[in-house]
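Single-structure report; data block below.
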Amino acid sequence: MAVKRNQRILRPEPIQWRFQVMLAMIGLVFFSLVGRAAFIQVVEPDRLRHEGDLRSLRVSHSEVQRGNITDRNGVELAVSVPVQTVWADPLRMHEQSGLEDMRRWQALADVFQTPVDDLLARVDNPQRRFVYLKRMVTPAVAEYVRQLDIPGVYLQNESRRFYPTGEINSHIIGVTNIDGEGLDGIEAVYDGMLTGTPGQRQYRKDGQGRVIEELEVRQAEYPQNVRLSIDQRIQAMAYRELKKAVSYHGATSGSLVAVDVHTGEVLAMVNSPSYNPNNRQEMLPHLMRNRAITDTFEPGSTVKPLVMLEALRQGVVDLDSTIDTSPGWMRLGGRRVQDARNYGELSLAEILQHSSNVAISKLALSIDIDDLLHTYAGAGFGSDTGINLIGESMGLIRHRTSWSDFEVATLSYGYGLGTTTMQLAQMYAILGNGGVQRPLSVLALENPHEGRQVFDPELTEDVLRMMESVVSSEGTGRQARVRGYRVAGKTGTTRKAVPGGYGDEYVGLFAGVIPASNPRIAIAVMINEPEGDAYHGGSVAAPLFSTVAEGSMRILNVAPDDISPATLRSAGFGGQRD
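For the sequence shown, position 335 matches number 335 in the UniProt record's numbering, and the numbering has no gaps at all.
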């Protein structure tokens with residue numbers, strides 16, 4: 001009995017509340033895990049997937065360089081070269097004590113030519129993960145940075161735009177920003193063609209760095225190269241001679257444009273002053289302006305052949321007509337139109353030869369003003385040339401309901417309308433091409449535009465023959481002559497407009513075609529505000545035309561069309577041929 005009593009006393013009694021608490025806790029943990037799993041899988045699955053991708057997903061890119069720009073013969077005018085950029089990861093730098101050794105930072109500042117405090121300020125915030133220290137450094141600097149081995153400082157491959165011809169082609173080519181995006185010129189207009197798309201490869205790695213899955217491969221889209229119509233041989237020669245002329249005459253600026261009369265392709269387009277696109281510190285706004293297409297001026301006597309052309313078309317005069325200019329001046333509405341002297345009776349060719357304002361005014365007053373304006377428009381004035389460059393000016397043609405006789409007279413010798421050097425070159429290309437107008441192109445053309453006939457071809461040829469007298473020994477453009485070649489052209493000299501009238505500054509002009517027997521190129525020259533007494537177009541612009549035209553004929557291998565016995569002897573042939 002005693003044993004049974006003790007056994008009854010030692011038997012454990014169940015504690016109900018502890019069991020229930022433990023069971024509740026186990027159930028709570030279970031349902032929490034189930035709820036968390038459901039939340040991750042159903043409510044917020046992207047986060048877990050994103051966390052996994054950060055640890056396993058990788059993306060690599062293939063570099064694509066910007067396309068090249070070349071001249072018509074393949075000479076490189078703009079290329080991209082590989083360079084490296086120095087950048088830093090401030091977070092990694094603070095974690096690895098990259099700021100402890102100040103000697104390395106001082107050496108980095110010295111090679112960057114930057115105060116060391118400025119560099120340290122860029123990496124001061126440990127929350128940042130990327131900051132540039134120096135963009136596009138030379139290979140020598142990149143190697144120096146690599147040897148400094150500063151924790152958190154890295155190198156990144158990039159490309160830099162380089163312009164081998166410097167300031168010679170800067171106004172045509174333009175420039176890119178530091179990220180390789182076109183800002184001006186060809187670089188901006190054809191930015192889409194010149195810019196490619198880098199290739200991309202997306203893949204997954206395991207914990208040991210092995211590729212376990214390739215998710216996406218996107219092939220690189222390579223850029224296109226742009227081939228210009230520019231002939232670098234003519235371009236370089238024209239720029240050199242223009243720069244010399246502007247400096248010699250003390251002019252503020254100058255422009256020259258050479259155009260192939262048969263295709264409308266621009267063979268040369270130069271301005272002075274210019275800028276070097278490889279030196280961004282000298283890229284000032286007034287130097288970057290492409291004056292050949294943006295700056296407008298009154299064309300002066302260079303438009304007189306158009307008045308002559310319209311007078312012949314309307315039958316007001318014929319090829320044998322003469323105009324009496326005595327006494328060398330005439331009064332229109334209380335104002336005076338005059339010549340340099342009294343030329344008396346002048347033939348049509350002599351009107352252009354001596355650039356008679358009186359004679360050309362009489363012709364203009366005898367024709368309909370609307371027809372004259374239509375002829376100016378047909379020559380390209382008041383519209384774009386088709387060159388497709390940023391900043392091109394369309395010039396100015398006034399349209400009025402009534403014109404005074406004096407306004408018609410001044411319009412006939414180039415006052416009261418505005419044009420650019422490019423438009424002037426287009427006008428003479430039309431005259432040299434038998435009256436066919438083609439849009440100008442700065443891109444090399446495989447198939448030139450057909451163009452449209454704007455002037456009568458026979459009358460255009462007649463006027464072209466008259467223009468040859470301008471460069472004769474008695475003409476105003478005699479300094480434009482080219483040995484061995486016939487030249488047809490016209491001088492122009494205009495006073496620059498100021499508020500209330502005209503000032504004492506001039507623009508000297510000459511435009512013409514060569515060789516006149518079968519024109520190949522048209523050249524327009526503008527010298528802005530020459531100093532001294534030599535400011536006429538025949539003195540400042542015609543000699544430049546002669547030099548560039550002669551060099552162009554030699555470069556293009558165009559046969560001479562004016563070989564006289566004297567020329568043969570001077571060239572070394574000797575004797576006279578029958």
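By construction, the Cβ of each residue, glycine as well, lies at the ideal position given by its N, Cα and C atoms.
TODO: Please classify Pro82: does DSSP put it in a helix, a strand, or coil?
DONE: strand
Open item on the list: My output table needs one value for Met102: the three-state DSSP class, helix, strand or coil.
Closed with: helix
Task: Cβ neighbour criterion (16 or more within 10 Å) applied to Arg161 - done: buried
- [ ] Write down the C-beta distance between Leu363 and Val316 rounded to the nearest angstrom, noting that I regard them as a contact closer than 8 Å.
- [x] 7 Å
Open item on the list: Restricting to Cα atoms, I'd like to know which of Tyr144, Ala78, Glu458 and Thr294 is closest to Asp318.
Closed with: Glu458
Open item on the list: Taking DSSP's pairing of strands, which residues face Ile521 in a bridge?
Closed with: Asp260 and Ile514
Task: Beta-carbon proximity of Leu440 to Thr385, cut-off 8 Å - done: yes
- [ ] Rank Leu348, Glu529 and Ser355 by C-alpha distance to the C-alpha of Asp339 and give the top, closest one.
- [x] Ser355
Task: Whole-Å CB distance - Val141 paired with Val111, under 8 Å assumed - done: 6 Å
Open item on the list: Once DSSP output is grouped into helix, strand and coil, what is the label at Met1?
Closed with: Residue placement at Met1 is flagged as unreliable, the pLDDT there being 47, under the threshold of 50; the coordinate-derived value follows with that caveat. Here Met1 sits in coil by DSSP.
- [ ] State yes or no: is the C-beta of Gly250 within less than 8 Å of the C-beta of Gly532?
- [x] yes
Task: CA-to-CA distance, Phe510 to Asn433, given in whole angstroms - done: 18 Å
- [ ] Tell me Gln437's beta-bridge partners as DSSP assigns them.
- [x] Arg452
Open item on the list: Once DSSP output is grouped into helix, strand and coil, what is the label at Phe162?
Closed with: strand
Task: Inter-residue Cα distance where the pair is Gly517 and Arg486 - done: A small correction: the amino acid at residue 517 is Ser; Gly does not occupy that position in the sequence shown. Cα to Cα, Ser517 sits roughly 7 Å from Arg486.
Open item on the list: Pull the bridge partners of Gly489 from the DSSP assignment, please.
Closed with: Gly512
Open item on the list: Quick check: the Cα distance between Pro115 and Trp105, rounded to an integer number of angstroms?
Closed with: 10 Å
TODO: Using alpha carbons as the reference points, say which of Leu155, Val137, Asp462 and Val261 lies closest to residue 581.
DONE: Residue 581 falls outside the range modelled here, since the chain spans only 1 to 578, and no answer is possible.
- [ ] Would you tell me roughly how many angstroms separate the C-alpha atoms of Glu505 and Val261, rounded to the nearest one?
- [x] 32 Å
Open item on the list: At the level of alpha carbons, what is the spacing between Gly451 and Ala524?
Closed with: 21 Å
Task: Option nearest Pro164 by Cα separation, candidates Gly477, Val79, Ile387 and Thr375 - done: Val79
Open item on the list: Between Ser402, Ile430 and Ile390, which has its C-alpha nearest Ile293's C-alpha?
Closed with: Ile390
Task: Residues of its chain near Ala377, where Cβ-Cβ distance is below 8 Å and the 5 sequence neighbours each way are ignored - done: Ser383 and Ile397
Open item on the list: Only counting the same chain, and skipping five residues up and downstream in sequence, which positions put a Cβ closer than 8 Å to that of Val482?
Closed with: Ile514, Ser546, Ala549, Glu550 and Met553
TODO: Measure the Cβ-Cβ separation of Ser253 and Arg291 and say whether it is below 8 Å.
DONE: yes
Task: Between the CA atoms of Val64 and Met193 - distance to the nearest angstrom - done: 13 Å
Open item on the list: Spatial neighbours of Gly414 within its chain, please: C-beta separation below 8 Å, excluding the five flanking residues on both sides.
Closed with: Glu298, Pro299, Gly300, Ser301, Thr302, Val303, Lys304, Gly492 and Thr494
- [ ] Compare the Cα-Cα distances from Ser229 to each of Gly418, Ala236, Tyr132 and Arg72 and report the closest residue.
- [x] Arg72
Open item on the list: Alpha carbons only, please: which of Ala258, Asn225 and Ile360 is nearest the one belonging to Gln235?
Closed with: Ala258
Open item on the list: Going by DSSP, what residue range makes up the alpha helix (DSSP H) through Ser326?
Closed with: Note, Ser326: premise wrong, no alpha helix (DSSP H); not H, not E.
Task: Cα-Cα separation between Arg18 and Ser32, rounded to whole angstroms - done: 21 Å
TODO: For Leu396, name the three-state secondary structure that DSSP assigns.
DONE: strand
Open item on the list: Going by beta-carbon coordinates alone, are Val358 and Thr325 separated by less than 8 Å?
Closed with: yes
TODO: State whether the segment 461-480 contacts the segment 527-541, with contact taken as three or more CB pairs (one from each stretch) at a distance under 8 Å.
DONE: yes
Open item on the list: Measuring only the C-alpha atoms, how far is Arg36 from Val21?
Closed with: 22 Å
Open item on the list: Going by DSSP in three states, Ala268 sits in which element: helix, strand or coil?
Closed with: strand
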